[in-house]
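Asker: The structure follows.
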Ligand SMILES: Nc1ncnc2c1ncn2[C@@H]1O[C@H](COP(=O)(O)OP(=O)(O)OP(=O)(O)O)[C@@H](O)[C@H]1O
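Residue numbers (UniProt numbering): 1 to 385.
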């Protein structure tokens with residue numbers, strides 16, 4: 001592996017979950033967009049010509065240099081992925097952008113129209129755990145001129161719908177939400193302020209697939225500047241148009257391509273380095289024959305393993321669909337049983353939770369198999385090339 005990767009080590013299941021999302025997404029019908037939920041251009045805050053200028057910025061922590069004479073003018077349409085190995089300074093960099101990190105020297109100038117929105121692992125704190133979901137969002141929604149529009153719940157409702165918060169959860173106290181729902185609400189709270197300079201630090205960690213889909217939909221329409229720190233290659237490819245590559249010791253390169261292009265570039269570079277260090281490599285014909293036989297056996301074994309994995313995957317998918325239909329049925333029952341009393345509702349909610357756990361277990365199983373399959377198919381492609 002090149003010295004640069006992994007960028008930030010994700011949990012295996014997290015990475016696989018997201019990758020699988022993209023696979024599932026491409027293999028299912030495109031979602032019909034509800035135009036009433038789209039964020040129109042007029043509904044977004046205006047961003048003036050002067051956005052954010054960094055001039056000769058320097059910052060070190062002791063011996064560790066984070067930025068060395070870094071300069072950049074942010075432009076409209078910038079969608080930048082921040083990449084680099086752990087501890088190189090990515091989070092510090094975004095804190096510099098928002099003014100949360102003091103620099104050693106240089107100059108930073110933010111335009112008057114810039115409104116930052118930052119979503120990170122810390123999230124927005126829930127100051128009142130007894131507040132309802134709807135009130136939490138209502139309190140944070142701002143109009144494009146920046147005034148609070150707490151008295152009008154329409155916008156908050158629209159956002160909750162956009163982020164697929166089921167209506168029956170709107171009156172729920174935030175203390176009752178699951179971990180995933182809390183993350184979704186925190187993301188929503190950041191977007192409710194209508195930032196025009198949006199910073200997302202590891203946004204795909206700990207969010208569920210519906211939220212990921214909703215976030216992507218939001219970012220498709222988003223016209224402001226976007227800065228994303230993410231280990232997630234597929235997400236970064238989808239939402240960014242260039243990269244700041246933190247190479248260490250304050251060196252930052254602007255790479256005009258996707259994270260996948262960049263990763264490929266590094267692998268290519270490493271191959272070239274290896275080839276040039278291993279000399280011309282003359283192999284005698286006996287060795288060649290033996291290795292050909294070995295390769296053939298390996299290929300056969302691999303082909304069988306691929307077939308087996310595909311068979312197993314084919315069985316899990318309908319099982320997941322069945323469980324999902326079960327959840328929909330149960331939720332419909334919950335809606336119908338609003339007047340049935342607490343015990344009935346609690347029982348139905350417990351059943352939903354149980355089926356959701358089963359779905360998750362099946363998805364994890366699916367993901368393990370899908371990852372194994374992808375690995376084998378990649379090996380096949382490499383051999384074929
Ligand atoms: N206020 C601070 N004082 C001293 N050292 C700091 C401070 N903030 C960050 N650092 C150090 O600066 C380095 C960069 O940290 P930062 O969190 O920005 O890296 P990162 O690239 O975001 O890492 P990761 O990918 O692991 O989150 C780390 O070595 C960190 O310990």
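The beta-carbon is built from N, C-alpha and C at its ideal position, and this holds for glycine as well.
Scan the region 64-115 and note each continuous beta strand (DSSP E) run of 3 residues or more that stays entirely inside, going in chain order.
Answerer: Here the runs fully enclosed are 64-73, 79-83 and 105-110.
Asker: Considering only C-alpha positions, which residue in the set 310, 242 and 60 is nearest to residue 83?
Answerer: For this step, residue 83 is matched to residue 83 along the chain shown. Ranking the options by Cα distance to residue 83, first place goes to 242.
Asker: Please check the pair residue 81 and residue 230, which I expect to be a contact at CB under 8 Å, by giving their CB distance rounded to whole angstroms.
Answerer: Within the chain shown, numbered from 1, the residue matching residue 81 stands at position 81. Within the chain shown, numbered from 1, the residue matching residue 230 stands at position 230. Contact holds; Cβ gap of about 7 Å.
Asker: Going by DSSP, which residues form a beta bridge with residue 226?
Answerer: Residue 226 sits at position 226 when you count from the first residue of the chain shown. According to DSSP, residue 226 bridges with 79 and 198.
Asker: For residue 242, which residues does DSSP report across the bridge?
Answerer: Taking the chain shown and counting its residues from 1, the one referred to as residue 242 is at position 242. Beta-bridge pairing links residue 242 to 80.
Asker: Please find out if some non-hydrogen atom of ligand 2 comes closer than 7 Å to the beta-carbon of residue 102.
Answerer: Ligands in the displayed structure: ligand 1; ligand 2 is not one of them.
Asker: Counting pairs of Cβ atoms below 8 Å between the region 62-74 and the region 206-220, do you hit three or more?
Answerer: Counting Cβ pairs under 8 Å, fewer than three are found: no touch.
Asker: Just to confirm the assignment, what range does the beta strand (DSSP E) spanning residue 138 have?
Answerer: Residue mapping note: residue 138 aligns to position 138 of the chain shown, counting from 1. No beta strand (DSSP E) contains residue 138, which is instead part of the alpha helix (DSSP H) from 133-140.
Asker: Just how far apart, CA to CA, sit residue 379 and residue 298?
Answerer: The sequence position of residue 379 within the chain shown is 379, counting from 1. The sequence position of residue 298 within the chain shown is 298, counting from 1. So the alpha carbons of these two residues sit roughly 11 Å apart.
Asker: My guess is that residue 189 and residue 116 are in contact by the Cβ rule of under 8 Å, so how many angstroms apart are they, rounded?
Answerer: Residue 189 sits at position 189 when you count from the first residue of the chain shown. Residue 116 sits at position 116 when you count from the first residue of the chain shown. No, residue 189 and residue 116 are not in contact; Cβ-Cβ is about 14 Å, not under 8 Å.
Asker: Keeping to the same chain, check which residues put their C-beta closer than 8 Å to that of residue 313; ignore five residues upstream and five downstream.
Answerer: By 1-based counting over the chain shown, the position of residue 313 is 313. Only 366, 369, 370 and 373 meet the Cβ criterion.
Asker: Short check: CB of residue 120 to CB of residue 201, under 8 Å?
Answerer: Here residue 120 refers to the residue found at position 120 of the chain shown. Here residue 201 refers to the residue found at position 201 of the chain shown. Yes, these two residues count as a Cβ contact at 8 Å.
Asker: Helix, strand or coil: how does DSSP classify residue 376 here?
Answerer: Sequence index remark: in the chain shown, residue 376 carries index 376 (1-based). Three-state DSSP puts residue 376 in a helix.
Asker: Roughly how many whole angstroms lie between the Cα atoms of residue 271 and residue 311?
Answerer: Reading the chain shown from its first residue, position 271 is the one you call residue 271. Reading the chain shown from its first residue, position 311 is the one you call residue 311. So the alpha carbons of these two residues sit roughly 35 Å apart.
Asker: Below 7 Å CB to CB, which residues in the same chain sit around residue 210 once its five sequence neighbours on both sides are set aside?
Answerer: As a first step, residue 210 must be located in the chain shown, where it is residue number 210. Taken in chain order, the residues that qualify are 164.
Asker: Would you report the Cα separation of residue 328 and residue 109, rounded to the nearest angstrom?
Answerer: Residue mapping note: residue 328 aligns to position 328 of the chain shown, counting from 1. Residue mapping note: residue 109 aligns to position 109 of the chain shown, counting from 1. Rounded to the nearest angstrom, the two C-alpha atoms are 51 Å apart.
Asker: By DSSP's criteria, residue 54 is part of a beta bridge. Which residues make up the other side?
Answerer: One-based indexing of the chain shown puts residue 54 at position 54. DSSP lists 72 and 108 as partners of residue 54.
Asker: Between which two residues does the beta strand (DSSP E) harbouring residue 253 extend?
Answerer: Stepping through the chain shown from its first residue, residue 253 is reached at position 253. Where residue 253 is concerned, the enclosing beta strand (DSSP E) stretches over 251-255.
Asker: Count the other CB atoms within 10 Å of the CB of residue 260; is the residue buried (16 or more) or exposed (fewer)?
Answerer: Position 260 of the chain shown, counted from the start, is the residue given in the question as residue 260. Residue 260 is exposed by the Cβ-count criterion.
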